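Remarks on the structure that follows.
Number of protein chains: 2
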Amino acid sequence: MATERLDRQRVINAAVALLDAEGLDALSTRRLGTVLEASANAMYWHVGNKENLVGLATNAGFAELELRTDGESWRDRLAATARELRGLFTRHSWLTAAFSAHPRIHGPEIVRFQNHLLQVCQQAGFEGFDLDWAGATVFSFVIGDAWGQAQSPTPDDSSAMTTELLERVKTELTDYPLLLERYTALANADPATVDVASFEFGLCSMLDGLQAHLDHQNGTTSPNT
Amino acid sequence: MATERLDRQRVINAAVALLDAEGLDALSTRRLGTVLEASANAMYWHVGNKENLVGLATNAGFAELELRTDGESWRDRLAATARELRGLFTRHSWLTAAFSAHPRIHGPEIVRFQNHLLQVCQQAGFEGFDLDWAGATVFSFVIGDAWGQAQSPTPDDSSAMTTELLERVKTELTDYPLLLERYTALANADPATVDVASFEFGLCSMLDGLQAHLDHQNGTTSPNT
DNA sequence: ACCTGAACACCGTTCAAGT
DNA sequence: ACCTGAACACCGTTCAAGT
Chain Z
1 MATERLDRQR VINAAVALLD AEGLDALSTR RLGTVLEASA NAMYWHVGNK ENLVGLATNA
61 GFAELELRTD GESWRDRLAA TARELRGLFT RHSWLTAAFS AHPRIHGPEI VRFQNHLLQV
121 CQQAGFEGFD LDWAGATVFS FVIGDAWGQA QSPTPDDSSA MTTELLERVK TELTDYPLLL
181 ERYTALANAD PATVDVASFE FGLCSMLDGL QAHLDHQNGT TSPNT
Chain A
1 MATERLDRQR VINAAVALLD AEGLDALSTR RLGTVLEASA NAMYWHVGNK ENLVGLATNA
61 GFAELELRTD GESWRDRLAA TARELRGLFT RHSWLTAAFS AHPRIHGPEI VRFQNHLLQV
121 CQQAGFEGFD LDWAGATVFS FVIGDAWGQA QSPTPDDSSA MTTELLERVK TELTDYPLLL
181 ERYTALANAD PATVDVASFE FGLCSMLDGL QAHLDHQNGT TSPNT
């Protein structure tokens, strides 16, 4: 009733809250209007249109990133950056869908992160296009990993439903015994620890791969430094 | 006028054609209806609903993958698999958005690919959960890379517009000289070759990283085999 | 079995009109 | 300057009714 005046930040905050709670599909101008106790089109004055609002929400997400530069080695710094980014995408699981739906999303906080990532790669010893490729490799892996986590988001049903589902899958995967074996092994493991372990394995592999590139670039003579 | 009877495959084919041509947002039940010279809701009998249709279209995409097992080494086979998957995602750029919007997508052709990926990783020497992590690492990287390519899809405007846009960006990136430098360097390069080079760099890094894991796992005594 | 027409509840966006 | 109400052109989906 005695609702405060709207402003851009309040609209963005409400959008982020709605996105976190119910996902990208739940964000509509009318739902946002009711949340803000305003008409459905009140937001247009503040954020232009919906696509722009999603962009602003995404940018607000990236503002959460703590970009530290005090790691002991480039490897530590790059790992910390990757983990920060991954944390962002798990806290706001709508981010991958938002980027996919609106590829033009950009903003100062996103730019800030990109610059940080490039800086860390530069300190590691990458130059020229290799700098871009190294940054893109890290970014791609983290995005792809977050994208994979979003694929299995529904432990709504407890173990009872799971075993029934497992039976159904068992008949579907009859031609692929290896896949069935891995599927059951993963189904019996704790999802949270599985996700972390999967990410850390990939991250470690990526860092080893980048390390190999740097070693080769600086001459393979002293690989033990 | 003398339109053939509808069937599930024709609906899927029309959906894929529409998706390829105009993207995920363009796929609506009514547009599909006009393409098929049928009513907007004719598809419901054949494919259930829209989400299911997108799943079927995705599955149809994965059917295109040629999964070869005749590589000389596990590294060749895994690289070939990754490149096949990347090709699929570049030919059908709506795939990342489709997966993001409907995380529950699955199907026999997708399962077939997953099994192939696991097989290749198994032949490489991975076992147990490492098998899953290795596969997930490759998959995540390829998805993330495809996702990145989709971010810069609009060379609609030729070089004239690009230079004007470059000026605008130059003021935005004034706080980030490193990012500005890399941005201009990339803007002056051929986008297609850039995309390929970026992917190949990341792929090579990933394979080196997996290689390092296998070496360590089998004992670091014989790294030259 | 397969398809249509009409209907329902929703959407993003615009724009005159209000304060 | 900021916001509302009504309107427009779209959605996905359902369902009785047709053949």
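Note that the protein sequences, when read in sequence, are chains Z and A.
FYI, UniProt numbering numbers position 149 of the first sequence as 149, with every residue one higher than the one before it.
FYI, UniProt numbering numbers position 30 of the second sequence as 30, with every residue one higher than the one before it.
Ideal Cβ positions, reconstructed from N, Cα and C, are used throughout, including at glycine.
Please read all numbers here as calculations on a predicted model, not as lab measurements.
R182/Z Cβ short of 7 Å to the ligand SAH heavy atom set: For the ligand SAH, the structure offers nothing, since it holds no ligand at all.
Pair within 8 Å by beta-carbon distance, K50/Z and T29/Z: Locating residue 50/Z in the first sequence gives position 50, counting from the first residue. Locating residue 29/Z in the first sequence gives position 29, counting from the first residue. Taking 8 Å as the Cβ cut-off, K50/Z and T29/Z qualify as a contacting pair.
Positions along the stretch 124-142 of chain A whose CB lies within less than 8 Å of some CB in chain Z: G128, F129, D130, L131, D132, W133, A134, A136, T137, F139, S140, F141 and V142
Candidates F62/A, R8/A and L36/A, of which the one nearest L18/A by Cα: For the purposes of this step, residue 18/A is taken as the residue at position 18 of the second sequence. It is L36/A whose Cα lies nearest to the Cα of L18/A.
Residues near A14/Z by beta carbon distance below 7 Å, same chain, minus five either side: Counted from its first residue, the first sequence places residue 14/Z at position 14. Closer than 7 Å at Cβ, skipping near neighbours: L32, V35 and L36.
Length at least 4, wholly inside the stretch 26-83 of chain A: the alpha helix (DSSP H) runs in chain order: 29-35, 43-47 and 50-62
Contact the stretch 63-81 of chain Z vs the stretch 112-131 of chain Z: 3+ CB pairs below 8 Å: yes
8 Å contact criterion, which T90/A and A146/A should meet: CB distance rounded: Reading the second sequence from its first residue, position 90 is the one you call residue 90/A. Reading the second sequence from its first residue, position 146 is the one you call residue 146/A. With a Cβ gap of about 7 Å, T90/A and A146/A count as contacting.
Beta-carbon proximity of G135/A to S140/Z, cut-off 8 Å: Sequence index remark: in the second sequence, residue 135/A carries index 135 (1-based). Sequence index remark: in the first sequence, residue 140/Z carries index 140 (1-based). It is not a contact, given that the beta carbons lie outside the stated cut-off.
Three-state secondary structure (DSSP) of A21/A: Taking the first residue of the second sequence as 1, we reach residue 21/A at position 21. It is helical.
Touch test, the stretch 208-222 of chain A against the stretch 198-213 of chain Z, Cβ-Cβ under 8 Å, three pairs minimum: Because the criterion of three Cβ pairs below 8 Å is met, the stretch 208-222 of chain A and the stretch 198-213 of chain Z touch.
8 Å CB neighbourhood of H46/Z in its chain, flanking five on each side removed: By one-based count along the first sequence, residue 46/Z stands at place 46. Here the set comprises L6, D7, R8 and V11.
Any chain Z beta carbon closer than 8 Å to A212/A: Here residue 212/A refers to the residue found at position 212 of the second sequence. Yes, A212/A lies at the interface with chain Z (some Cβ there is under 8 Å from its Cβ).
Cβ separation of T171/Z and H116/Z, assumed to be a contact under 8 Å, to the nearest whole Å: Stepping through the first sequence from its first residue, residue 171/Z is reached at position 171. Stepping through the first sequence from its first residue, residue 116/Z is reached at position 116. About 49 Å separates the two Cβ atoms, so there is no contact after all.
Cα-Cα separation, A150/A to E84/Z: On the second sequence, position 150 is the one that residue 150/A refers to. On the first sequence, position 84 is the one that residue 84/Z refers to. Spanning the two alpha carbons is a distance of roughly 23 Å.
Reduced DSSP secondary structure (H/G/I, E/B, other) of I105/A: For this step, residue 105/A is matched to residue 105 along the second sequence. If DSSP states are grouped into helix, strand and coil, I105/A belongs with coil.
Close-in-space but distant-in-sequence residues of the same chain around P153/A (CB under 8 Å, 5 per side omitted): Stepping through the second sequence from its first residue, residue 153/A is reached at position 153. Its pLDDT being 48, under 50, P153/A is placed unreliably by the model, and the measurement read from it follows with that caveat. Here the set comprises S93.
DSSP three-state assignment for S93/A, whether helix, strand or coil: Position 93 of the second sequence, counted from the first residue, corresponds to residue 93/A. Correct three-state label for S93/A: coil.
Classification of D190/Z by the beta-carbon crowding that lies within 10 angstroms, buried from 16 upward: Walking along the first sequence from the start, residue 190/Z turns up at place 190. Under this definition D190/Z is an exposed residue.
Members of the stretch 196-208 of chain A near chain Z, C-beta cut-off 8 Å: A197, S198, F201, G202, C204, S205, M206, L207 and D208
DSSP-derived helix/strand/coil call for R5/Z: Looking up residue 5/Z in the first sequence gives position 5. R5/Z: coil per DSSP, three-state reduction.
Candidates L180/Z, W133/Z and Y183/Z, of which the one nearest L214/Z by Cα: As a first step, residue 214/Z must be located in the first sequence, where it is residue number 214. Here the closest residue by C-alpha is W133/Z.
Cβ separation of L78/Z and V142/Z, assumed to be a contact under 8 Å, to the nearest whole Å: By one-based count along the first sequence, residue 78/Z stands at place 78. By one-based count along the first sequence, residue 142/Z stands at place 142. Incorrect: roughly 11 Å between the Cβ atoms, too far for contact.
Where G209/A sits in the DSSP three-state scheme: Translated into positions along the second sequence, residue 209/A becomes position 209. Helix at G209/A.
Boundaries of the alpha helix (DSSP H) in which L179/Z is found, first to last residue: Within the first sequence, the letter at position 179 stands for residue 179/Z. Residues P177 to A187.
Candidates G71/A, G125/A, H102/A and P103/A, of which the one nearest G219/A by Cα: On the second sequence, residue 219/A is found 219 positions in, with the first residue counted as 1. Nearest option by C-alpha distance: G125/A.
Where the stretch 102-114 of chain Z meets chain A: residues whose CB sits under 7 Å from a CB there: Flagged, chain order: P103, V111 and Q114.
Separation of H106/A from R75/A, as counted between CA atoms: Within the second sequence, residue 75/A is the residue found at index 75, counting from 1. Within the second sequence, residue 106/A is the residue found at index 106, counting from 1. Roughly 27 Å between the two C-alpha positions.
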